Every structure is written in C-alpha cells, then in structure tokens.
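Remarks on the structure that follows.
Protein chains in written order, with this note's numbering: chain Z, 439 to 593; chain W, 32 to 63.
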C-alpha cells in the first residue's frame, strides 16, 4: 500500500513511468549495507541514481506532497544535465518551473536551467536570465545569491 | 496506471536501469 505522496495518482504515474522505483529498509539497531554504500544516515532519504549507481539528486527528510513531484522532476532533469544532454535537460527544467512555480526546488531548477542553456548554446545570456528570474521571484533564495556573479553578463 | 510497483533489491534495480534507460528512485525508509 502506498502512503503519503505515494498515494497520489500524479506521483504514482510519474514515478512508475519515469523511474525504476525501489525501497530499502532501514532499522535502528544496524546500518544496512545499502545505507553504507550510499552514505545514508537518516530516513527518509530519497535518491535518484543512474545505472552505474551514481547519485544525481538526494532528498533527506519528509517532503510534503506539493513538493514531492517537483523533486522527482528535478531528479530526472539533473540526470540529463549531468550526462551533458542539455537540450533535454532544458525541456525538463522548463516544464518543472512552469508546472511547480512555488515548489521548494523551483529556485534550483531556475539556476540549472540557466546553466543548461549556457552549455547548450555557449551564450552566457541564459545565466543572466536565470539571475534576473531568481531576483524577481525568489530574492531571498540562496540560489539567487549563487547566481549573483551572472549580473556582470549584459543582456 | 496506478499503484507503484516497488522493487526491493537495489542491485536489481540498477541492472534494470542499465537496460531500460530509466534512472532509479531509491527510497530509504525506517522499518523499525
């Protein structure tokens, strides 16, 4: 039986369609081999991995339902980004931002959209656009502070 | 499409990821 965010049809459909979902049990009295392998020390910990076992996205602690689907989409986008599939990553980041504009991961997605656009086109304006979007929508976010150097880039 | 079909073995999921081109979503949960 699926509970919490897993009980929502949108989450079920996306998770089943886009990922290979697997659960790993954790116990108080003994750290499992899987916990050691992936450096897990608290639950829930959610990881997005590629086939080599490389980690692309990690979430530690409870995630509210509203944010959960956004995390899944960010994980998928980051796998593409890390594999230098920037055109596909741009589509995924863009869709995430449009579909989940107030999600906790929205600032991170905006930041990485700018970076993916830069890598895809070699035009730094994408970085500047990311900063401007972050300043307008998430002025207090750390991702906005991380993007501050891009203010030097002219549009 | 409804209920999530959860795998229980991480290595098996990684092997499936190698052939199916989907990433793995791994949920570490407290069982007791």
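Backbone N, C-alpha and C define an ideal beta-carbon position, used for all residues, glycine too. Only a predicted model underlies this, so the values are computations on that prediction, with no experimental measurement involved.
TODO: Rank Z/456, Z/584 and Z/589 by C-alpha distance to the C-alpha of residue 512 of chain Z and give the top, closest one.
DONE: For the purposes of this step, residue 512 of chain Z is taken as the residue at position 74 of the first chain. Ranking Z/456, Z/584 and Z/589 by CA distance to the CA of residue 512 of chain Z puts Z/456 first.
- [ ] Report the neighbours of residue 489 of chain Z on chain W: residues whose CB is nearer than 7 Å to its CB, in chain order.
- [x] The count along the first chain starts at 1 and reaches residue 489 of chain Z at position 51. What residue 489 of chain Z touches in chain W: 45, 48 and 49.
Open item on the list: Any beta carbon from chain W within less than 8 Å of residue 474 of chain Z's own beta carbon?
Closed with: Within the first chain, the letter at position 36 stands for residue 474 of chain Z. No, no contact with chain W.
Open item on the list: Buried or exposed, going by whether 16 or more other CB atoms sit within 10 Å of the CB of residue 56 of chain W?
Closed with: On the second chain, residue 56 of chain W is found 25 positions in, with the first residue counted as 1. Under this definition residue 56 of chain W is a buried residue.
Open item on the list: DSSP three-state label for residue 462 of chain Z, please.
Closed with: Here the question's residue 462 of chain Z lines up with position 24 in the first chain. Looking at residue 462 of chain Z - three-state DSSP - the assignment turns out to be strand.
Task: Length-filtered (4 minimum) alpha helix (DSSP H) runs lying within the segment 452 to 512 of chain Z - done: Fully enclosed alpha helix (DSSP H) runs of 4 or longer: 471 to 476.
TODO: Tell me, please, whether the CB atom of residue 513 of chain Z is closer than 8 Å to any CB atom in chain W?
DONE: Position 75 of the first chain holds residue 513 of chain Z. Residue contact with chain W for residue 513 of chain Z: present (Cβ-Cβ distance below 8 Å to some residue of chain W).
Open item on the list: Across the segment 468 to 477 of chain Z and the segment 497 to 506 of chain Z, are there enough close Cβ pairs to call them in contact, namely three or more that are closer than 8 Å?
Closed with: Pairwise C-beta distances place the segment 468 to 477 of chain Z out of contact with the segment 497 to 506 of chain Z, as fewer than three of them are shorter than 8 Å.
Open item on the list: Going by DSSP in three states, residue 58 of chain W sits in which element: helix, strand or coil?
Closed with: Position 27 of the second chain, counting from 1, holds the residue named residue 58 of chain W. In the three-state DSSP reduction, residue 58 of chain W falls in the strand class (E or B).
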